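K.L.:
One structure, as structure tokens, below. Some questions next.
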Amino acid sequence: MASQHMEAEKFVEEWNDRIGEYKREAKEAEQEMMNKHNADLNALEQDLRASLPLFLRTSPKILNLKKMIDTLAKQKEFVQADRLRIQCARLEDEELMKSEEQKENKIVFILTQLASKQKNELNGLKKRVSTGYASLLKSRDTEYRK
Numbered sequence: 000m001a002s003q004h005m006e007a008e009k010f011v012e013e014w015n016d017r018i019g020e021y022k023r024e025a026k027e028a029e030q031e032m033m034n035k036h037n038a039d040l041n042a043l044e045q046d047l048r049a050s051l052p053l054f055l056r057t058s059p060k061i062l063n064l065k066k067m068i069d070t071l072a073k074q075k076e077f078v079q080a081d082r083l084r085i086q087c088a089r090l091e092d093e094e095l096m097k098s099e100e101q102k103e104n105k106i107v108f109i110l111t112q113l114a115s116k117q118k119n120e121l122n123g124l125k126k127r128v129s130t131g132y133a134s135l136l137k138s139r140d141t142e143y144r145k
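Numbering (numbering that gives the first Met the number 0), first residue to last: 0 to 145.
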């Protein structure tokens with residue numbers, strides 16, 4: 000009777016060790032994946048910020064203002080030319096801000112897509128871990144019955 004009790008304790012201890020090791024490995028795998036995902040996300044963001052060009056479109060209104068400024072300067076209407084130059088600079092700044100906003104929106108969209116993909120990968124890993132854990136428990140129960 001004592002040997003059966005010791006055998007049962009040994010069995011439980013071995014399985015607890017196996018399950019503990021499985022949980023530790025699963026936690027490490029999840030942490031590694033999360034670290035890789037963060038590194039990939041940061042690298043992509045830096046790459047996008049460095050490589051995506053700004054699409055500056057000079058509007059017809061700005062082009063017309065520049066022609067008018069040149070014409071007024073040739074006619075020595077410097078006060079009016081300066082007012083138009085200020086207006087033109089303001090419009091160019093607005094165009095630049097719109098371009099920067101479009102670039103930022105594109106970066107956010109791409110990063111959101113990657114984050115979604117990474118979340119799906121992480122959920123898949125968690126599901127595999129959960130399935131493996133359930134299988135491990137089933138094996139323990141089967142072996143215990145034997």
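Ideal Cβ placement from N, Cα and C applies to all residues, glycine included. Because the structure is a prediction, the values reported are computed rather than measured.
Would you check if there are 3 or more beta carbon pairs closer than 8 Å linking the stretch 53 to 65 to the stretch 81 to 95?
P.N.:
Verdict: yes, contact present.
K.L.:
Given that a residue counts as buried once 16 or more other Cβ atoms are within 10 Å of its Cβ, and exposed if not, what is Leu62?
P.N.:
In the sequence shown, counting from the first residue as 1, residue 62 sits at position 63. So Leu62 counts as exposed.
K.L.:
Taking the C-alpha atoms as reference points, what is the distance between Ser129 and Phe10?
P.N.:
By one-based count along the sequence shown, residue 129 stands at place 130. By one-based count along the sequence shown, residue 10 stands at place 11. Taking the straight line joining both Cα atoms gives about 23 Å.
K.L.:
In chain order, what residues of the same chain lie with their CB nearer than 6 Å to the CB of Arg139, ignoring the 5 residues before and after it?
P.N.:
The residue you call residue 139 lines up with position 140 of the sequence shown. Trp14, listed in sequence order.
K.L.:
Could you tell me the distance, in whole angstroms, from the CA atom of Met33 to the CA atom of Leu136?
P.N.:
If you number the sequence shown from 1, residue 33 lands on position 34. If you number the sequence shown from 1, residue 136 lands on position 137. Cα to Cα, the separation comes out at about 26 Å.
K.L.:
Quick check: Leu113 and Leu40, are their CB atoms within less than 8 Å of each other?
P.N.:
Indexing the sequence shown from 1 puts residue 113 at position 114. Indexing the sequence shown from 1 puts residue 40 at position 41. It is a contact, given that the beta carbons lie within the stated cut-off.
K.L.:
Nearest to Arg127 by alpha carbon, out of Thr70, Ala28, Asn37?
P.N.:
Locating residue 127 in the sequence shown gives position 128, counting from the first residue. Nearest C-alpha to Arg127: Ala28.
K.L.:
Report, in whole angstroms, the separation of the C-beta atoms of Lys60 and Leu90, which I expect to be a contact under 8 Å.
P.N.:
Walking along the sequence shown from the start, residue 60 turns up at place 61. Walking along the sequence shown from the start, residue 90 turns up at place 91. Right, their Cβ atoms sit about 6 Å apart.
K.L.:
Whole-angstrom Cβ separation of Ala72 and Ala80, contact assumed at under 8 Å?
P.N.:
The residue you call residue 72 lines up with position 73 of the sequence shown. The residue you call residue 80 lines up with position 81 of the sequence shown. Yes, they are in contact, since the Cβ atoms of Ala72 and Ala80 sit about 5 Å apart, within 8 Å.
K.L.:
DSSP three-state label for Lys102, please.
P.N.:
For the purposes of this step, residue 102 is taken as residue 103 along the sequence shown, with counting starting at 1. Reduced to three states, the DSSP call for Lys102 is helix.
K.L.:
Beta carbon of Glu8, beta carbon of Ile106: below 8 Å?
P.N.:
Position 9 of the sequence shown, counting from 1, holds the residue named residue 8. Position 107 of the sequence shown, counting from 1, holds the residue named residue 106. No; because the gap between Cβ atoms is not below 8 Å, this pair is not in contact.
K.L.:
According to the neighbour-count rule (16 or more other Cβ atoms, all chains shown, within 10 Å of its Cβ), is Ile85 buried or exposed?
P.N.:
What you label residue 85 is simply residue 86 of the sequence shown in a count that begins at 1. Classification of Ile85: exposed, given that the 10 Å Cβ count is below 16.
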